[in-house]
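Residue numbering for the sequence shown follows our numbering, starting at 63 and increasing by one per position. Read the structure below first, then the notes.
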Amino acid sequence: MKKQGRLRTIFSYIRASILVLVFSVIIEIIAGSILGEIFTNIYIPGLLILIPPMMELRGNISSIFAAKLCTALHLGTVKTSIRDNTKKFKEDLYSNLIILLIMPIILGLIVWIFCLIFNLPNVGLLFLILILLLTGLISGLIMTFISIIISIFTFKYGLNPDSFVVPILGFVGDILTIFTLFLVIIFLEYIGLGLMI
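Shown next, in the form of structure tokens:
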């Protein structure tokens with residue numbers, strides 16, 4: 063009897079995971095197509111080099127935060143509410159926000175140095191870091207909010223947040239990062255900061 067219960071639980075996790083992952087793959091294909099269309103007119107390698115690491119960085123930061131949150135929900139060290147939550151929740155949230163501020167600067171420096179070493183056309187360092195900071199903060203804050211909502215919502219309704227949160231963050235994060243990066247570049251060009259060196 064116990065064995066049947068375990069098998070049923072395992073299959074329910076597999077079924078939920080497969081549905082979310084198939085949906086993620088479809089959305090990722092759409093995101094890739096959109097990315098190709100959006101960035102066809104950008105010929106500055108420094109900006110093109112930003113895209114994969116920025117998407118990866120956003121996904122990693124969000125996934126780590128979500129995984130910690132899911133574990134804390136299972137252990138009972140975090141409440142299933144956004145307001146008046148535990149000290150552990152606040153510590154994880156603040157550390158996530160600090161990482162959102164630090165990592166774009168490091169990534170900007172790495173991309174800028176890479177372009178210098180290989181003599182690739184690039185925008186100025188300040189512009190590069192500004193693009194990454196704005197993109198990182200905007201998409202990161204939205205992703206953090208999505209992580210919290212999905213984790214708490216799925217846990218409240220008896221679902222395993224681990225089966226839903228990370229795959230959903232994967233495709234939402236990629237699309238969100240692409241659009242945010244594109245809008246930030248357009249905004250900075252519009253206000254005259256696109257030629258900062």
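Each residue gets a CB set at the ideal place from its N, CA and C atoms; glycine is no exception.
Exposure of residue i, with buried meaning 16 or more beta-carbon neighbours within 10 Å
{"i": "S209", "result": "buried"}
{"i": "D236", "result": "buried"}
{"i": "N122", "result": "exposed"}
{"i": "G254", "result": "exposed"}
{"i": "T206", "result": "buried"}
{"i": "G138", "result": "exposed"}
{"i": "L203", "result": "exposed"}
{"i": "I211", "result": "exposed"}
{"i": "V228", "result": "buried"}
{"i": "T216", "result": "buried"}
{"i": "F226", "result": "buried"}
Residues near residue i by beta carbon distance below 8 Å, same chain, minus five either side
{"i": "E251", "result": "none"}
{"i": "M117", "result": "G235, D236, T239 and I240"}
{"i": "I200", "result": "T242 and V246"}
{"i": "D224", "result": "A129 and C132"}
Neighbourhood of residue i by C-beta, 6 Å cutoff - its chain only, sequence neighbours within 5 removed
{"i": "G198", "result": "L162 and P166"}
{"i": "D154", "result": "K130"}
{"i": "G220", "result": "none"}
{"i": "N184", "result": "G108 and C177"}
{"i": "I92", "result": "none"}
{"i": "F151", "result": "V140"}
{"i": "G5", "result": "Nothing can be reported for residue 5: it is not among the residues displayed for the chain, which extend from 63 to 259."}
{"i": "F180", "result": "none"}
Cβ-Cβ distance between residue i and residue j below 9 Å
{"i": "S213", "j": "A128", "result": "yes"}
{"i": "L112", "j": "I193", "result": "yes"}
{"i": "L231", "j": "S157", "result": "no"}
{"i": "P115", "j": "I172", "result": "yes"}
Own chain residues within Cβ distance below 7 Å of residue i, not counting five before or after
{"i": "F85", "result": "none"}
{"i": "K218", "result": "T142"}
Residue i at chain C interface by Cβ criterion, 9 Å
{"i": "I164", "result": "The displayed structure is made up of one protein chain only, and chain C is not part of it."}
Problem set entry | Uninterrupted beta strand (DSSP E) stretches inside the stretch 169 to 201 (no shorter than 3 residues) | none
Problem set entry | Runs of alpha helix (DSSP H) wholly within the stretch 103 to 147 (minimum 4 residues, chain order) | 107 to 137
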